[in-house]
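Colleague: Chains A and F are the protein sequences, given in the same order. Every position in the first sequence, counted from 1, becomes a number in the numbering used here once 25 is added. Every position in the second sequence, counted from 1, becomes a number in the numbering used here once 19 is added.
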Amino acid sequence: MEFELFNNLALGFGVAFTFQNLLYAFIGCLLGTLIGVLPGVGPVATIAMLLPATYALPPVAALIMLGGIYYGAQYGGSTTAILVNLPGESSSVVTVIDGYQMARKGRAGPALAAAGMGSFFAGCVGTLILAAFAAPLTEVAFKFGPAEYFSLMVLGLIGAVVLASGSLLKAVAMIILGLLLGLVGTDVNSGVARYSFDIPELTDGIGFIVIAMGVFGYGEIIANLSHPEDKREVFTSNITHIYPSKEDFKRMVPAVLRGTALGSMLGILPGGGALLSAFAAYSIEKKTKLKPGEVPFGQGNIRGVAAPEAANNAGAQTSFIPLLTLGIPPNPVMALMVGAMTIHNIQPGPQVMTSNPELFWGLIASMWIGNLMLIVLNLPLIGIWIKLLSVPYRWLFPAIVLFCAVGVYSTNNNTWDVWMVAMFGVIGYGFIKLGVEPAPLLLGLILGPMMEENLRRALLLSRGDWSVLVTRPLSAGLLAAALLLLIIVTLPSIKSKREEAFVED
Amino acid sequence: MRFIKSEKDFYSGLMFTIVGGAFAIGATTYNIGTGARMGPGYFPLLLGIILAALGALIMFQGLVSKAETGDKLGGMAWRPLFYIIGANVLFGILLGGLPKLGIPAMGLIAAIYGLTITASLAGDVFKLREVLILATILAVVSYGAFVKLLNLQFQVWPAFITG
Numbered sequence: 026m027e028f029e030l031f032n033n034l035a036l037g038f039g040v041a042f043t044f045q046n047l048l049y050a051f052i053g054c055l056l057g058t059l060i061g062v063l064p065g066v067g068p069v070a071t072i073a074m075l076l077p078a079t080y081a082l083p084p085v086a087a088l089i090m091l092g093g094i095y096y097g098a099q100y101g102g103s104t105t106a107i108l109v110n111l112p113g114e115s116s117s118v119v120t121v122i123d124g125y126q127m128a129r130k131g132r133a134g135p136a137l138a139a140a141g142m143g144s145f146f147a148g149c150v151g152t153l154i155l156a157a158f159a160a161p162l163t164e165v166a167f168k169f170g171p172a173e174y175f176s177l178m179v180l181g182l183i184g185a186v187v188l189a190s191g192s193l194l195k196a197v198a199m200i201i202l203g204l205l206l207g208l209v210g211t212d213v214n215s216g217v218a219r220y221s222f223d224i225p226e227l228t229d230g231i232g233f234i235v236i237a238m239g240v241f242g243y244g245e246i247i248a249n250l251s252h253p254e255d256k257r258e259v260f261t262s263n264i265t266h267i268y269p270s271k272e273d274f275k276r277m278v279p280a281v282l283r284g285t286a287l288g289s290m291l292g293i294l295p296g297g298g299a300l301l302s303a304f305a306a307y308s309i310e311k312k313t314k315l316k317p318g319e320v321p322f323g324q325g326n327i328r329g330v331a332a333p334e335a336a337n338n339a340g341a342q343t344s345f346i347p348l349l350t351l352g353i354p355p356n357p358v359m360a361l362m363v364g365a366m367t368i369h370n371i372q373p374g375p376q377v378m379t380s381n382p383e384l385f386w387g388l389i390a391s392m393w394i395g396n397l398m399l400i401v402l403n404l405p406l407i408g409i410w411i412k413l414l415s416v417p418y419r420w421l422f423p424a425i426v427l428f429c430a431v432g433v434y435s436t437n438n439n440t441w442d443v444w445m446v447a448m449f450g451v452i453g454y455g456f457i458k459l460g461v462e463p464a465p466l467l468l469g470l471i472l473g474p475m476m477e478e479n480l481r482r483a484l485l486l487s488r489g490d491w492s493v494l495v496t497r498p499l500s501a502g503l504l505a506a507a508l509l510l511l512i513i514v515t516l517p518s519i520k521s522k523r524e525e526a527f528v529e530d
Numbered sequence: 020m021r022f023i024k025s026e027k028d029f030y031s032g033l034m035f036t037i038v039g040g041a042f043a044i045g046a047t048t049y050n051i052g053t054g055a056r057m058g059p060g061y062f063p064l065l066l067g068i069i070l071a072a073l074g075a076l077i078m079f080q081g082l083v084s085k086a087e088t089g090d091k092l093g094g095m096a097w098r099p100l101f102y103i104i105g106a107n108v109l110f111g112i113l114l115g116g117l118p119k120l121g122i123p124a125m126g127l128i129a130a131i132y133g134l135t136i137t138a139s140l141a142g143d144v145f146k147l148r149e150v151l152i153l154a155t156i157l158a159v160v161s162y163g164a165f166v167k168l169l170n171l172q173f174q175v176w177p178a179f180i181t182g
């Protein structure tokens, strides 16, 4: 078993350590950070925007580059959070609390370094866990029938909802809306073109890139522009020393270890991952006793940066596990990865590991390389990212609109997608106005056809008997877990805690 | 006393109910089938009904919510909405043309200028010189990155020049 792990990793590193693939990993990290640093652009929008850049590449290189983009976007988001007090994505919401305070005290350098080093360590551990668990979990996956898959997706969707901020009911409704939108287009079983209104382009379904860019790209830009540009303090001038002091290191290390452990565990949960782990890690740090002379939390404690960032990154890494072994995306970013894989004719799932081992292990190895590159790239280049932050928004947003438009058009080289993204931009702005979070929609969109297909097969095998979902033990267990999750979050005491946690920003 | 306690809840619920209902009604035009033999209408009908019911529940929440402020929707940002979406649509028209209306394709470079100028109108500050410089930079960068480096297929110049 151990030997197998090393053999597999060796295979992976053999694939990843070619000049070409290293270059793509590097470019991915660079581009991801570049876009991710921009305020108001989260990882979902970044990946959607940069996805077209990978179309022309061979599948392995494309996935390696996308992985790089993802890590870059995450790291760029933390940089923005620390320096501008603006979380680019939900999981850096907690980093903002202490990170920004550190920046205000002239300690932006150590804060950024703590985030970077914490993320790197967590990324290494996460990659190892992923490599170790991938093979046995794939074995389990082969035992899954359609009923189990359906129940697993229900669990995943419920998990995603529980972790979303805001109203539970609205989040469930958004998932179902996403599932329905995912059904638009030709039904694979009957050949009927559903909800396509005799428009030939709609028979192929609504592209997830169109929805992601319209809702996450345009919708956000319009909402950003509707508030008058508030005076944001950017701490750019006083970054003199980057490296944390000895004292900082002493405090950081245990926090990073705790964050990593927590993040790795929570990341595996379907629907879990970055957001929950960052919140949990921060609250654990907050509960531990302050050493004499330590800065209190909320006023620039380095542990408040290191722990959530480590947890966040470990979770990001291990959230690849359900995707790669079961083919089920646990969060919107992974949903985009599924889309990217299908564009390159790879159907994510347990069969990838056996049918395409170079791709599977190469991707895992390049995750580690991506993490390494981030730390090599970002600490020395921090000056450039900071310059980017001082670019006024009025120059940035037309560029973002352009990249979205170009990206959408080049997906199919068709102006139809450009009209569609305009429509979803309006819809996305509507979502923001109505106070509904769009992330669950994207998950539903990807899972819609998969859920229908598995439900259809499960019911076909049971001759229409719905009880098959609860009489098969694995399936029943997964559904019970979903139910348990729902009950837990609706318990009054947890409910108020949850609301408190999401209001903390 | 206001009748709607939370506008955001009420109207989002309304949206879910209408959209869910529309999907469910649409599903009835396809073959529904039975559980054992699900037709193309089965799953969307099921989901549409659930969505409509959830929407009704959310609307109800909007009526009994304890939000003091009324959770108002607030004003619409018409200006950014119009110019951002307009910029995107103009980009599509300039890039690909509208054959049905006889509008010729003007190509990528013209589309970038059109998009940048229109989108910039969405902001509070609009300085034409600055915007033109930005558009030129974006055009050069896009040409280099998308056309030369990534080899994406674009019509770069207007159709009447390239023929």
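Even for Gly, the Cβ is constructed at its ideal location relative to N, Cα and C.
Considering only DSSP beta bridges, list what R219(A) is partnered with.
Modeller: By 1-based counting over the first sequence, the position of residue 219(A) is 194. Paired residues: G210(A).
Colleague: Is the Cβ of N438(A) closer than 8 Å to any Cβ of chain F?
Modeller: Counting from 1 along the first sequence, the entry for residue 438(A) is found at position 413. Chain F, which has a Cβ nearer than 8 Å to the Cβ of N438(A), makes this yes.
Colleague: Using the beta-carbon of each residue, which ones in chain F are nearer than 7 Å to I246(A)?
Modeller: As a working mapping, residue 246(A) is identified with position 221 in the first sequence. The contacting residues are I103.
Colleague: I'd like the list of long-range same chain contacts for V179(A), defined as Cβ closer than 7 Å, with 5 residues on each side in sequence excluded.
Modeller: Looking up residue 179(A) in the first sequence gives position 154. L504 and A507, listed in sequence order.
Colleague: Who are the neighbours of T53(F) on chain A, taking C-beta pairs under 8 Å?
Modeller: Sequence index remark: in the second sequence, residue 53(F) carries index 34 (1-based). By Cβ distance, chain A contributes G489.
Colleague: Give me the Cβ distance between N396(A) and G230(A), rounded to the nearest whole Å; I'm assuming they're in contact under 8 Å.
Modeller: One-based indexing of the first sequence puts residue 396(A) at position 371. One-based indexing of the first sequence puts residue 230(A) at position 205. Going by Cβ atoms, the distance from N396(A) to G230(A) rounds to 35 Å, so no, they are not a contact pair.
Colleague: Measure from the C-beta of V144(F) to each C-beta in chain A and report whether the shortest distance is under 8 Å.
Modeller: The residue given as residue 144(F) occupies position 125 in the second sequence. Chain A, which has a Cβ nearer than 8 Å to the Cβ of V144(F), makes this yes.
Colleague: Excluding the 5 residues preceding and the 5 following T515(A) in the sequence, name in chain order all residues of the same chain whose CB lies nearer than 8 Å to its CB.
Modeller: For this step, residue 515(A) is matched to residue 490 along the first sequence. These residues qualify, in order along the chain: L193.
Colleague: Do three or more CB pairs link the stretch 468-476 of chain A to the stretch 204-214 of chain A at distances below 8 Å?
Modeller: With the cut-off at 8 Å, the stretch 468-476 of chain A and the stretch 204-214 of chain A touch.
Colleague: Measuring only between beta-carbons, confirm whether F345(A) sits less than 8 Å from chain F.
Modeller: Translated into positions along the first sequence, residue 345(A) becomes position 320. Cβ-Cβ to chain F under 8 Å: no for F345(A).
Colleague: Looking at the structure shown, is L421(A) part of a helix, part of a strand, or coil, going by DSSP?
Modeller: Here the question's residue 421(A) lines up with position 396 in the first sequence. Three-state DSSP puts L421(A) in a helix.
Colleague: If you run the structure through DSSP and keep just helix, strand and coil, what is I51(F)?
Modeller: Residue 51(F) sits at position 32 when you count from the first residue of the second sequence. Note: I51(F) maps to coil in three-state DSSP.
Colleague: For M125(F), name the three-state secondary structure that DSSP assigns.
Modeller: Here residue 125(F) corresponds to residue number 106 of the second sequence, with the count starting at 1. In the structure shown, M125(F) sits in coil (DSSP, three-state: anything other than H, G, I, E or B).
Colleague: Within 8 Å (strictly less), CB to CB, does V166(F) reach chain A?
Modeller: Taking the first residue of the second sequence as position 1, residue 166(F) is located at position 147. No, V166(F) lies away from the interface with chain A (no Cβ there is under 8 Å from its Cβ).
Colleague: Below 8 Å between beta carbons: does that hold for I425(A) and L63(A)?
Modeller: Here the question's residue 425(A) lines up with position 400 in the first sequence. Here the question's residue 63(A) lines up with position 38 in the first sequence. Cβ atoms of I425(A) and L63(A): closer than 8 Å.
Colleague: Just to confirm, does I400(A) get its C-beta within under 7 Å of one of the non-hydrogen atoms of the ligand ZN?
Modeller: Within the structure as shown, the ligand ZN is missing, as the structure has no ligands at all.
Colleague: Among residues of its own chain, excluding the 5 on either side of D530(A), which ones have a beta-carbon nearer than 6 Å to its beta-carbon?
Modeller: Within the first sequence, numbered from 1, the residue matching residue 530(A) stands at position 505. Because D530(A) carries a pLDDT of 36, less than 50, the predicted location of this residue cannot be relied on, and the following value inherits that uncertainty. Taken in chain order, the residues that qualify are V118.
Colleague: Can you pull the DSSP bridge partners for L117(F)?
Modeller: The residue given as residue 117(F) occupies position 98 in the second sequence. Partner(s): I122(F).
Colleague: For E310(A) versus A280(A), is the C-beta distance shorter than 8 Å?
Modeller: Locating residue 310(A) in the first sequence gives position 285, counting from the first residue. Locating residue 280(A) in the first sequence gives position 255, counting from the first residue. Cβ atoms of E310(A) and A280(A): closer than 8 Å.
Colleague: Please work out which residues of its chain come closer than 6 Å, Cβ to Cβ, to A360(A), disregarding the five sequence neighbours upstream and downstream, and give them in chain order.
Modeller: Taking the first sequence and counting its residues from 1, the one referred to as residue 360(A) is at position 335. Excluding sequence neighbours, A360(A) sits near P354, L467, L468 and I471.
Colleague: Can you pull the chain F residues whose beta carbon is under 8 Å from the beta carbon of W444(A), in chain order?
Modeller: Taking the first residue of the first sequence as position 1, residue 444(A) is located at position 419. By Cβ distance, chain F contributes V108 and G111.
Colleague: Contact between the stretch 141-148 of chain F and the stretch 162-182 of chain F is defined here as three or more beta-carbon pairs at a separation below 8 Å; is this criterion met?
Modeller: Contact between the stretch 141-148 of chain F and the stretch 162-182 of chain F is absent, because fewer than three Cβ pairs lie under 8 Å.
Colleague: Anyone know if the C-beta pair for N338(A) and G151(A) falls short of 8 Å?
Modeller: One-based indexing of the first sequence puts residue 338(A) at position 313. One-based indexing of the first sequence puts residue 151(A) at position 126. Yes, Cβ-Cβ distance for N338(A) and G151(A) is below 8 Å.
Colleague: Tell me which residues of the stretch 125-141 of chain F have at least one Cβ-Cβ distance to chain A shorter than 9 Å, keeping chain order.
Modeller: Residues L127, A130, I131, L134, T135, I136, T137, A138, S139 and A141.
Colleague: Going by beta-carbon coordinates alone, are G143(A) and G102(A) separated by less than 8 Å?
Modeller: Position 118 of the first sequence holds residue 143(A). Position 77 of the first sequence holds residue 102(A). No, these two residues do not count as a Cβ contact at 8 Å.
Colleague: Does the CB of V159(F) have a neighbour CB from chain A at under 8 Å?
Modeller: The residue you call residue 159(F) lines up with position 140 of the second sequence. Taking Cβ atoms only, chain A never reaches closer than 8 Å to V159(F), which makes this a no.
Colleague: Quick one: which residues of the stretch 405-423 of chain A get their C-beta closer than 8 Å to a C-beta of chain F? List them in chain order.
Modeller: Residues Y418, R419, W420, F422 and P423.
Colleague: For the alpha helix (DSSP H) containing F22(F), list its first residue and its last residue.
Modeller: In the second sequence, counting from the first residue as 1, residue 22(F) sits at position 3. Per DSSP, F22(F) belongs to no alpha helix (DSSP H) and is neither H nor E.
Colleague: According to DSSP, M74(A) sits in a beta bridge with which residue or residues?
Modeller: For the purposes of this step, residue 74(A) is identified with residue 49 of the first sequence, where counting begins at 1. DSSP lists no partner for M74(A).
Colleague: Give me the residue from I52(A), T71(A), A81(A) and F385(A) with the minimum Cα distance to H369(A).
Modeller: For the purposes of this step, residue 369(A) is taken as the residue at position 344 of the first sequence. Comparing Cα positions, the closest option is A81(A).
Colleague: Can you give me the C-alpha to C-alpha distance between Y132(F) and M74(A), rounded to a whole angstrom?
Modeller: As a position in the second sequence, residue 132(F) is number 113, starting the count at 1. As a position in the first sequence, residue 74(A) is number 49, starting the count at 1. Approximately 20 Å between the Cα atoms of the pair.
Colleague: Count the other CB atoms, across all protein chains shown, that sit within 10 Å of the CB of L168(F); report buried if there are 16 or more and exposed otherwise.
Modeller: As a position in the second sequence, residue 168(F) is number 149, starting the count at 1. With fewer than 16 Cβ atoms within 10 Å of its Cβ, L168(F) is classed as exposed.
Colleague: By the 8 Å beta-carbon criterion, what residues does the stretch 186-215 of chain A contribute toward chain F?
Modeller: Cβ contacts with chain F come from S192, L194, K195, V197, A198, I201, L202, L204, L205, L208, D212, N214 and S215.
Colleague: Are the C-beta atoms of P77(A) and some chain F residue less than 8 Å apart?
Modeller: The residue you call residue 77(A) lines up with position 52 of the first sequence. Output row for P77(A): interface = yes.
Colleague: Taking 8 Å as the threshold (C-beta atoms), are A139(A) and I411(A) in contact?
Modeller: Within the first sequence, the letter at position 386 stands for residue 411(A). Within the first sequence, the letter at position 114 stands for residue 139(A). Not in contact: I411(A) and A139(A) (Cβ atoms no closer than 8 Å).
Colleague: Go to W386(A), then tell me how far its alpha helix (DSSP H) extends in each direction, as first and last residue.
Modeller: The residue you call residue 386(A) lines up with position 361 of the first sequence. Taken as a continuous stretch (DSSP letters only), the alpha helix (DSSP H) holding W386(A) covers P382 to L414.
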